Every structure is written in C-alpha cells, then in structure tokens.
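Contents: one structure, followed by commentary.
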Amino acid sequence: MSKDSSQSFLLSDSAMQAASYSTYQNFQSSPTLCASELQNWKQRIGLFQTHLQTTATPTQGSLFDTTSTQTSLDSIKPFELRRQNTEFWRWQFDDVGVPAMYFVIDYIATAQKGPILLYIGETVKSNQRWKGVHDCKRYLTNYQQAHRDTGLKSELAIAFWPQAPADRPARQKLESQLIYKWRSPFNKENWRYWNTPFITGKEP
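Count along the sequence shown starting at 1, add 124, and that's the number in my numbering.
This is how it looks when you write it as structure tokens:
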C-alpha cells in the first residue's frame, strides 16, 4: 500500500481540533460507580496491558497458525498509532477509506500506568465506520458520564492501523486475535473477564 492510500482516511489537524468536543447524546447512563471503584477497574486493565507490552503474545489454540501471523500481530502497536477524535465519522471525506483495524483508547486512564485500550474493531471502509448505530458509542457515553460523575479525567481517542487485510474473514480473524491479546474491556468477548460496567442501556 502506498503512503498516500494508507493516510487517505486520516483527519486533518484542523478537523481534529474542530472535533475536539464530544456530542454523543440520547443514551442511557451506566450504573453509578464511585471514584475508587472506577479507578481500581481502570488500574487493573492498565496493569495487564502494560505487562503485555513487555512480554510475548500468548497463543490461543488454532488462531495463531503460522510464525508470520504471530509476527504480524506483535507488530501492531495501538498506543503508537496517530490518535484521532472519536467523532471522526461526522466529517466529510473524499473517499470511503481503506481496510483497517481501529482502537479506542483512553490516553490518560491511569496516572501511574498510562493509557488503556478499551475497544478493538475492524472495518473495510475506515472513513465510514461508526456512521449510524454502533454499540461502542453507548459504551463511551457511559464511560465519559462515569468520569464526570466522579471527577476523574479521561481522554478518549481512536487510532487506525491501515494495513488490515482486504479479505473480511482474514480481517475478522485478526480482530479476534487482537481482542484476545489485549483483553479490551468494551469488546463483548471480555465483558466477563473485566466485569465491564459500561455496557448497559440501549438507544431509545
């Protein structure tokens, strides 16, 4: 993939600044958490993901079929990707984008342990992802409301990895591998693992 095509889905700096305020509305809020409960929940995830960055990726059965697959998985570094505002989907683009993996991250989740990766997804059209209804929007709304209620800080953003396979089954397999590796708490596969508290409520 050429440099131009891999960057075509990214917001300009001016667009990122203009989109700095989140406007998610009309969702039910999550169950009330106190500040210590919320901070402890985030710290557990932060500790796990920080440790993960210094150790080899665990293997999950047949998901990891070859050495090349393992190498590709470990080469994806979500926290080093360019961050964008989570409202990117509201903006107009010249094209539909590219196949990509995307990562929703709280960049100031824990003062001691740094950012935490909250959600992992895949898309064939990076500039059109999240248009319309998407459950992760609700989770983010609940997460942000919990921080406002407790006086804790958060800095949500999304980052894209634009080298994802064009083939959907291959892309979905990579998504599953990444979800298993990072234990991202907003992905349903990990709700029980982290006892994720922000997944309640539906659009009215």
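Beta carbons: idealized from backbone N, C-alpha and C, even for Gly.
This structure is a prediction, so every number in the text was calculated from the model and none was measured.
Member of Asp291, Ala270 and Arg272 whose CA lies at the smallest distance from the CA of Pro223: For the purposes of this step, residue 223 is taken as residue 99 along the sequence shown, with counting starting at 1. Closest option to Pro223, Cα to Cα, is Asp291.
Local conformation of Glu279 per DSSP, three classes: Locating residue 279 in the sequence shown gives position 155, counting from the first residue. Correct three-state label for Glu279: coil.
Backbone CA spacing between Leu302 and Trp315 [nearest angstrom]: Locating residue 302 in the sequence shown gives position 178, where the first residue counts as 1. Locating residue 315 in the sequence shown gives position 191, where the first residue counts as 1. Whole-angstrom Cα-Cα distance: 15 Å.
Collapsed DSSP secondary structure at Arg307 in the structure displayed: Mapped onto the sequence shown, residue 307 falls at position 183. Here Arg307 sits in coil by DSSP.
Cβ-based burial, Thr247 [other Cβ within 10 Å; buried from 16]: Position 123 of the sequence shown holds residue 247. So Thr247 ends up on the buried side.
Span of the beta strand (DSSP E) around Ile169: The residue labelled residue 169 in the question sits at position 45 within the sequence shown. First-last for Ile169: Ala159 to Leu176, but that is the alpha helix (DSSP H), not the beta strand (DSSP E).
Given Trp318 as reference, the closest of Leu298, Ala159 and Gln173 once Cα atoms are compared: Position 194 of the sequence shown, counting from 1, holds the residue named residue 318. Looking at the Cα atoms, Gln173 is the closest of the given residues.
Local conformation of Asp230 per DSSP, three classes: Residue 230 sits at position 106 when you count from the first residue of the sequence shown. Asp230 falls in the strand class under three-state DSSP.
Residues bridged to Ile240 (per DSSP): Your numbering for residue 240 matches position 116 in the sequence shown. Answer is Asp230, bridged to Ile240.
Beta carbon of Ile229 nearer than 7 Å to that of Gly170: Looking up residue 229 in the sequence shown gives position 105. Looking up residue 170 in the sequence shown gives position 46. Taking 7 Å as the Cβ cut-off, Ile229 and Gly170 do not qualify as a contacting pair.
Environment of Val160 [buried if 16+ CB atoms lie within 10 Å]: Within the sequence shown, the letter at position 36 stands for residue 160. One point to set straight first is that residue 160 is Ser, not Val, in the sequence displayed. With fewer than 16 Cβ atoms within 10 Å of its Cβ, Ser160 is classed as exposed.
Asp291, enclosing alpha helix (DSSP H) - first and last residue: Mapped onto the sequence shown, residue 291 falls at position 167. Taken as a continuous stretch (DSSP letters only), Asp291 belongs to no alpha helix (DSSP H), as it is neither H nor E.
Range of the contiguous alpha helix (DSSP H) that encloses Asn266: Along the sequence shown, one-based indexing puts residue 266 at 142. Asn266 -> alpha helix (DSSP H) spans Asp259 to Thr274.
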